[in-house]
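Following: one structure in structure tokens, then a few remarks.
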Amino acid sequence: HDDEYMYRDNAAATKLQSAERGRQSRNQIKRQHEAASKVQAHERGRQARKDIERQHEAAMKVQSAERGRRDRQQIKRQHESATKIQAQERGRQARRRGQVSSGASQRRSQVSSGSSQQRSRLAC
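Using the working numbering, you'd call the opening residue of the sequence shown number 118 and step up by one each time.
Below, the structure is given as structure tokens:
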């Protein structure tokens with residue numbers, strides 16, 4: 118009988134030890150899985166933050182380029198307006214001094230002076 122009890126006790130102990138090793142192994146696998154999940158989540162978060170930073174930098178570059186383009190257009194318009202104002206003022210001042218005559222009268226005077234010069238040459 119003692120051998121039989123010993124065999125049963127030994128078998129029961131082996132079964133308990135096996136169950137405990139299985140439980141420990143399952144717990145270890147669960148902890149490893151949780152750790153791997155945390156590492157993966159951390160990496161996904163880091164990557165997402167990096168992507169957002171890249172998008173933010175790209176948006177800033179686009180906005181900066183647009184502001185520059187708009188500023189250059191405004192400077193060009195201001196320059197063109199200033200040039201027009203200056204030309205108008207120069208024309209107004211010239212008209213006050215009587216230096217500018219219409220294009221047709223200038224051409225007439227050039228033609229008439231040219232023909233009188235030709236006549237005087239022919240007369241000589």
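Just so it is clear, CB atoms sit at the ideal spot from N, CA and C, and this is done for glycine as well.
>> To the nearest angstrom, how far is the alpha carbon of Lys178 from that of His196?
In response: Numbered from 1 along the sequence shown, position 61 holds the residue referred to as residue 178. Numbered from 1 along the sequence shown, position 79 holds the residue referred to as residue 196. A direct Cα-Cα distance of roughly 27 Å separates Lys178 from His196.
>> In the DSSP assignment, the alpha helix (DSSP H) including Gly162 goes from what residue to what residue?
In response: Here residue 162 is taken as the residue at index 45 of the sequence shown, counted from 1. It spans Asp119 to Arg214 - the alpha helix (DSSP H) in which Gly162 sits, taken as one unbroken run.
>> Using only the alpha-carbon positions, how far apart do Arg165 and Ala158 sit?
In response: Counting from 1 along the sequence shown, the entry for residue 165 is found at position 48. Counting from 1 along the sequence shown, the entry for residue 158 is found at position 41. Residue identity differs from the one stated: residue 165 is Ala in this sequence, not Arg. Spanning the two alpha carbons is a distance of roughly 10 Å.
> Straight-line CA distance for Gly162 to Lys132?
Replying inline: As a first step, residue 162 is located in the sequence shown; it is residue number 45 there, counting from the start. As a first step, residue 132 is located in the sequence shown; it is residue number 15 there, counting from the start. Computed Cα separation, rounded: 45 Å.
>> Are there any heavy atoms of the ligand MN lying less than 6 Å away from the beta-carbon of Gln141, as far as the coordinates show?
In response: Although the ligand MN was asked about, the structure shown includes no ligands whatsoever.
>> I need the straight-line Cα distance from Ile181 to Gln205, nearest angstrom please.
In response: Here residue 181 refers to the residue found at position 64 of the sequence shown. Here residue 205 refers to the residue found at position 88 of the sequence shown. One point to set straight first is that residue 181 is Ser, not Ile, in the sequence displayed. The alpha-carbon atoms of Ser181 and Gln205 are separated by roughly 36 Å.
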